[in-house]
Every structure is written in C-alpha cells, then in structure tokens.
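Okay, so here's the structure we're looking at.
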Amino acid sequence: MKEIKIIVSLIGIAFLLNCSGSDDGEGTPSGVTPDPASLVFPSENATCTSGTFISSTESEIDFEWNTAKNAVSYIVNITDLKTNTTSKVSSRETTVKIKLLQDNSYTWSVTAIGSGDAETSTSPVWEFYSPAEGVVNYAPFPAEISTPKNLDVLTGLSKTIEWIGADEDNDITSYDVFLGTTNPPVDVLGNTTSTTIASRSLTAATTYYIQIVTNDAFGNKTKSAVTAFSTP
1 MKEIKIIVSL
11 IGIAFLLNCS
21 GSDDGEGTPS
31 GVTPDPASLV
41 FPSENATCTS
51 GTFISSTESE
61 IDFEWNTAKN
71 AVSYIVNITD
81 LKTNTTSKVS
91 SRETTVKIKL
101 LQDNSYTWSV
111 TAIGSGDAET
121 STSPVWEFYS
131 PAEGVVNYAP
141 FPAEISTPKN
151 LDVLTGLSKT
161 IEWIGADEDN
171 DITSYDVFLG
181 TTNPPVDVLG
191 NTTSTTIASR
201 SLTAATTYYI
211 QIVTNDAFGN
221 KTKSAVTAFS
231 TP
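Residues in the sequence shown are numbered from 1 upward in steps of one, following the working numbering.
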C-alpha cells in the first residue's frame with residue numbers, strides 16, 4: 001500500500017509541475033499579430049511648432065503614439081519628402097525624440113512588433129512639416145497625385161490627372177504639372193490653379209511619369225513624388 005501511495009503522489013506532483021510550466025504569466029502572447037499603433041504627434045497635415053531648435057538646420061521633435069495591443073516594441077518610419085528617403089528608429093516606449101532637418105516636409109508611421117519576429121502591423125501614414133527657426137511662411141506640402149495611381153495601366157491614350165494640394169498658410173497660387181517619358185519628367189504639361197488637368201494625346205505602349213510642383217504666394221516651391229503609369 002505504501003508503494004502505491006508513493007506512486008500516486010509522484011504522479012500528482014508531476015501533473016502540478018506540468019500545469020504550472022504551461023503558464024507563462026501575463027506577458028504578450030507569442031505569435032499574435034499586434035494591433036496597429038494610433039498616432040498622436042506630430043499631427044497629420046500640420047506644422048510641428050513644438051520642436052526644439054538644436055542648430056541652424058536641425059530640430060529635435062517628440063514623436064508620440066498610443067500603445068498597440070500585443071506589441072513588444074515599435075519602429076518609427078520617417079520619410080523625407082524632398083529626397084524620398086526613409087529612416088527607421090526603434091523604441092520600446094511610445095515616445096521617441098528624433099532629429100530632423102528644418103524647413104522640410106516628412107511622413108511618419110509606426111510599425112508595431114509582436115513577440116514573433118514576423119508578427120507586425122503598421123499604422124496609417126501622417127504627413128507634417130518641420131519649420132525653420134523664425135520662419136513666418138511655410139512651404140506647401142508636396143502634392144499627392146491621386147489619379148492615375150502609381151504603376152496604373154490606362155485603358156485609353158488620354159487621362160485626366162488629379163491631385164491633392166495642401167499648405168499650412170493656405171496660400172497656394174498654382175501648380176506646374178510635368179508629364180514625360182523620363183524620370184523625373186521635364187516636359188511641362190501646363191500651369192493651373194485647379195487640382196486637375198487633362199493629359200495630351202499619349203503614345204501607345206509607353207511608360208509616362210508625372211510630377212507636380214506646388215507654388216505659393218511667397219515663392220516657395222515643393223515637388224511631389226513621381227508617379228509612373230503606362231498606356232495600352
């Protein structure tokens with residue numbers, strides 16, 4: 001009888017140890033895709049006036065976002081809209097200070113990373129402007145070409161080009177539209193105060209490029225990203 005009791009006791013202890021070993025605590029679940037982060041600051045389509053000027057060319061800006069469920073760390077993605085280059089900054093907190101050039105437009109987003117390396121999600125992309133010290137007028141945001149979409153293939157040999165323009169000072173005066181077969185395009189399609197313009201007759205089976213320069217009342221000019229499309 002004693003031998004039977006000892007065996008039963010050992011089985012019970014093994015069961016308890018096995019159960020306790022399966023409980024990892026209240027940490028982030030492994031292999032679960034995190035929710036997208038919710039951006040807070042810099043605000044969307046706004047001038048970041050709360051940055052700290054640290055030199056004649058650079059400012060230090062506080063980036064902030066809300067906690068993403070199931071995230072263990074974050075990557076802040078910042079794209080310089082003048083050079084179209086992207087830099088990345090890692091953080092385990094929901095705030096980070098980043099040095100940026102003054103008098104420049106940027107986009108930013110946050111990638112939330114889960115406990116599994118492949119488990120990530122990315123927030124919406126916001127655009128903002130980093131002003132220069134003492135600036136009283138701001139350059140326009142780069143125009144966002146909405147039609148045609150990048151890498152679209154047209155169904156005909158003409159197209160109405162559409163875009164979205166924005167300026168912190170609301171003093172945009174006109175847009176210069178460039179359309180051609182080189183990247184970036186150098187052929188002027190036209191100058192307009194509208195945010196649409198019809199293309200000329202295009203050549204079949206050809207790749208074209210569009211770029212828009214936004215002009216404001218103080219002589220500031222901002223180039224959009226280049227959009228490519230093809231004709232049938």
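Even for Gly, the Cβ is constructed at its ideal location relative to N, Cα and C.
Residue i - containing beta strand (DSSP E), residue span
i	result
Ser-230	227 to 230
Lys-159	No beta strand (DSSP E) contains Lys-159, which DSSP labels as neither H nor E.
Ser-43	From DSSP, Ser-43 is part of no beta strand (DSSP E); its letter is neither H nor E.
Tyr-175	172 to 180
Asp-80	73 to 80
Cβ-Cβ separation, residue j to residue i (assumed contact under 8 Å), whole Å
i	j	result
Ala-166	Asn-84	At roughly 18 Å, the Cβ-Cβ gap does not stay under 8 Å, so Ala-166 and Asn-84 are not in contact.
Thr-173	Thr-196	Actually they are not in contact, since the Cβ atoms of Thr-173 and Thr-196 sit about 17 Å apart, beyond 8 Å.
Pro-34	Asn-70	4 Å
Phe-64	Val-40	The sequence shown places Glu at residue 64, rather than the Phe named in the question. The pair is a contact, with the Cβ atoms about 4 Å apart (cut-off 8 Å).
Thr-107	Val-125	5 Å
Ser-105	Glu-133	Contact flag wrong, Cβ pair sits at about 17 Å.
Tyr-209	Val-226	5 Å
Leu-101	Ser-130	7 Å
Thr-47	Tyr-175	Not a contact, Cβ separation roughly 21 Å.
Thr-214	Thr-222	5 Å
Thr-86	Thr-95	Going by Cβ atoms, the distance from Thr-86 to Thr-95 rounds to 20 Å, so no, they are not a contact pair.
Ser-115	Gly-31	7 Å
Ser-91	Val-76	7 Å
Asp-103	Val-135	7 Å
Residue i, DSSP secondary structure in three states
i	result
Lys-149	coil
Asn-220	coil
Ile-212	strand
Asp-62	strand
Ala-198	strand
Gly-114	coil
Ala-143	strand
Glu-127	strand
Ser-90	strand
Ile-138	A small fix is needed here, since residue 138 is Tyr in this sequence, not Ile. Looking at Tyr-138 - three-state DSSP - the assignment turns out to be coil, as it is neither helix nor strand.
Val-32	coil
Ser-290	There is no way to answer for residue 290, as the model of the chain reaches only from 1 to 232.
Thr-236	Lying before the first or after the last residue shown, residue 236 is absent from the chain, which here runs from 1 to 232.
Ile-206	Looking at the sequence shown, residue 206 is not Ile but Thr. Coil.
Ser-9	Summary for Ser-9: the model assigns pLDDT 46, below 50, so the residue's position carries little reliability; its value from the coordinates is reported in the next sentence. It is helical.
Buried versus exposed, by CB contacts within 10 Å (16 or more), residue i
i	result
Leu-151	exposed
Thr-203	exposed
Ala-205	exposed
Phe-218	exposed
Glu-93	exposed
Ser-109	buried
Ile-164	exposed
Ala-198	exposed
Glu-119	buried
Pro-301	It is not possible to answer for residue 301, since the shown part of the chain is limited to 1 through 232.
Val-177	buried
Gly-156	exposed
Ile-212	buried
Pro-185	buried
One or two residues paired with residue i in a DSSP bridge
i	result
Leu-101	Glu-58
Ala-166	Phe-141
Gly-190	Val-177
Thr-95	Glu-64
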